[in-house]
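The structure appears below as structure tokens.
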Amino acid sequence: MPKFARWMKFRLYASRPLEHKGSYLAFRLACEPLPFGRRSIGGGFRQKVRRYVGSIAQARRFSATRGWAVGCAAASLLAFLGGMVLFFSNTFHLPWTGSAHLVLTGFVGPLTASLAAVVLLRLNGRLPAGVARFTAVGAVPAWALAVTAAASWSVGFDEADMNQGFSWFGSSTLLFMILGWIAGTACLAVPLDALLASRRSLPIRVTLAVLLAAPMALALGALMLMPPMMGTLGAVVLLIVALRQGRSAAAVAAAPTHVIRRQVVAPSPRAVGGVALALLVVGLACAVFAVTGSTWAPMVTDSTHAMNLGLAYGAFASIPLLIPAGRVLAPRLGSTTPWAVLLGCASMAVQGFAQFLGAGHASQWNAILVAATLMGFAIALPLGRQVVAGRFGRIAVVALMGLAASVVGLQLVAMSAFLAPVGSAVLLIWSRKAGSVRQPRLNS
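The UniProt record's numbering applies: residue 1 is where the sequence shown begins, and numbers increase by one.
Have a look at this one:
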């Protein structure tokens, strides 16, 4: 007989009065272990279920931990990265990508970033438990109303293009904006009141909190409608801060006392100055050709062709600029500087190839995105020293940081032909200052 069937049989037998039991052996068999691990001769199955559920209800309360901050920041970064991929990819014309982009960058990303910020403030002792709980709960309707207002505005814009009248949802944008503004102000006013000095009186604190929360809520709502650049960078900052939370002291204590650092040979200021001067002339020539090449160059067909050629030449001219710049910055950026320089050079090479393809080419935009991604990893690689995690955790975080920094990399590769002369001028000034410091003065 199966154990559970035998247990049910003798439990029914044990529920009878004691004088009706057949033998003492049957009574002992009725008291065998219950499925929940305890023995009992009284009560029934329902009482055991109630006791088991009650033990779950009396479990330890949930408390904000570093893991929650890291998880919320990582979820926010993934949401913004997903929205960024949808925004820059060729699938943005599909009917579902607009809604997915709005949900990711307008609700999921900002909400999880807000939760990560609340948890970090709670861990640092800046917010009481009740205020942190109110802020976390209040962020949900605030961001929900904000994304609803954005969706209403989008629907109203499409309905205005079709010129077929407005629906109730498309015409309620202002209503959702006001409700979201009120909810965001209330959500921000409570933690701001807690962050203000406690010596001030209650009316002054409330007034200051509301006056500060109202424009902050409006600014955050406006940032939600922009491309996910600021949100992505903010999520990266939150993730780095969350990873360093509670680990700085342990990391310092576990670090070895005597650290042998690799000697980095500083480049010669005279050599850097000569290279910078030559690249400054070349970079200015590329920038001038990109702007005015269509008016005097015979091989140029129009201004767009001149701009593409100037940007391509400027991108290739930026490659020799990154090598001395990397040698100058190596003592500050660490041992990953050569890899960052290599990624930057590869990015400039891909950017030059993309500009040679010309405007309107099917592969130009994809090549520019590849160049931006490489530049993003070149930016994120030296910042990996700020990540406090294990080897695999650091690799994962640096990978996310590289994808997030590709938003900045897109701006850099697009303006590389005009930024190269600026970088050459900075290197030239550095070489002059470094040469004057190293050169000894002769006393007469």
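Every residue gets a Cβ at the ideal spot worked out from N, C-alpha and C, and that includes glycine.
How about residue i and residue j: are their beta carbons less than 9 Å apart?
i: L321; j: G376; result: no
i: A160; j: V119; result: no
i: S152; j: F176; result: yes
i: M401; j: L419; result: no
i: V407; j: T232; result: yes
i: L188; j: A217; result: yes
i: A276; j: S431; result: yes
i: L195; j: L127; result: yes
i: A117; j: L238; result: yes
i: L410; j: L81; result: no
How would you call residue i, buried or exposed, if buried means at least 16 neighbouring beta carbons within 10 angstroms?
i: L211; result: exposed
i: W168; result: exposed
i: S424; result: buried
i: P421; result: buried
i: Q351; result: buried
i: T373; result: buried
i: Q355; result: buried
i: F289; result: buried
i: R200; result: exposed
i: I178; result: exposed
i: V137; result: exposed
i: H101; result: buried
i: I379; result: buried
i: M224; result: buried
i: A405; result: buried
i: G293; result: buried
i: T135; result: buried
Alpha carbon to alpha carbon, what distance is there between residue j and residue i?
i: A113; j: C72; result: 6 Å
i: A417; j: G344; result: 14 Å
i: L202; j: R133; result: 21 Å
i: T173; j: A150; result: 7 Å
i: F157; j: N366; result: 29 Å
i: G314; j: G83; result: 31 Å
i: R122; j: G67; result: 13 Å
i: P269; j: G326; result: 14 Å
i: G358; j: L427; result: 31 Å
i: R205; j: A64; result: 26 Å
i: P35; j: G130; result: Model confidence at P35 stands at a pLDDT of 43, short of 50, so the residue's coordinates are unreliable; what they give is reported in the following sentence. Rounded to the nearest angstrom, the two C-alpha atoms are 40 Å apart.
i: P331; j: A297; result: 43 Å
i: G273; j: G180; result: 56 Å
i: M299; j: A312; result: 15 Å
i: P324; j: L342; result: 12 Å
i: M415; j: T295; result: 22 Å
i: V252; j: L381; result: Low confidence applies to V252: its pLDDT is 44, below 50, so where it sits in the model is not reliable enough to give any reading.
i: S89; j: T97; result: 10 Å
Please work out which residues of its chain come closer than 6 Å, Cβ to Cβ, to residue i, disregarding the five sequence neighbours upstream and downstream, and give them in chain order.
i: S76; result: G109, T112, A113, A235
i: A371; result: S347, V350, Q351, V413
i: P141; result: A183
i: A213; result: T185, L188, A189, L192
i: L25; result: In this prediction, L25 scores a pLDDT of 40, lower than 50, which makes its location untrustworthy; the coordinate-derived value is nonetheless stated afterwards. Nothing listed; no residue qualifies.
i: I368; result: A354
i: A79; result: L104, V108, G109
i: A434; result: P269
Using a Cβ-Cβ cutoff of less than 7 Å, which residues in the same chain neighbour residue i once the five nearest sequence positions on both sides are dropped?
i: I429; result: none
i: R385; result: G334
i: V387; result: I240, L243, R394, V397, V398
i: residue 448; result: This structure gives no information on residue 448, because the portion of the chain shown stretches from 1 to 444.
i: Q245; result: R66, A69, L120, L123
i: G170; result: S152, V155, G156, E159
i: P227; result: F87
i: D302; result: S294
Assess contact between the region 384-397 and the region 355-375, defined as three or more Cβ pairs (one per stretch) separated by less than 8 Å. Is contact present? Because the criterion of three Cβ pairs below 8 Å is not met, the region 384-397 and the region 355-375 do not touch.
Stretch pair the region 327-346 + the region 303-310: three plus CB contacts closer than 8 Å: These segments do not touch.
Does the contact criterion of 3 or more C-beta pairs under 8 Å hold for the region 174-190 versus the region 141-152? Judged by pairs of C-beta atoms under 8 Å, the region 174-190 touches the region 141-152, as three or more such pairs exist.
Pairing CB atoms from the region 341-350 with CB atoms from the region 312-320, are three or more of them under 8 Å? The way I'd put it, the region 341-350 does touch the region 312-320; three or more beta-carbon pairs between them come closer than 8 Å.
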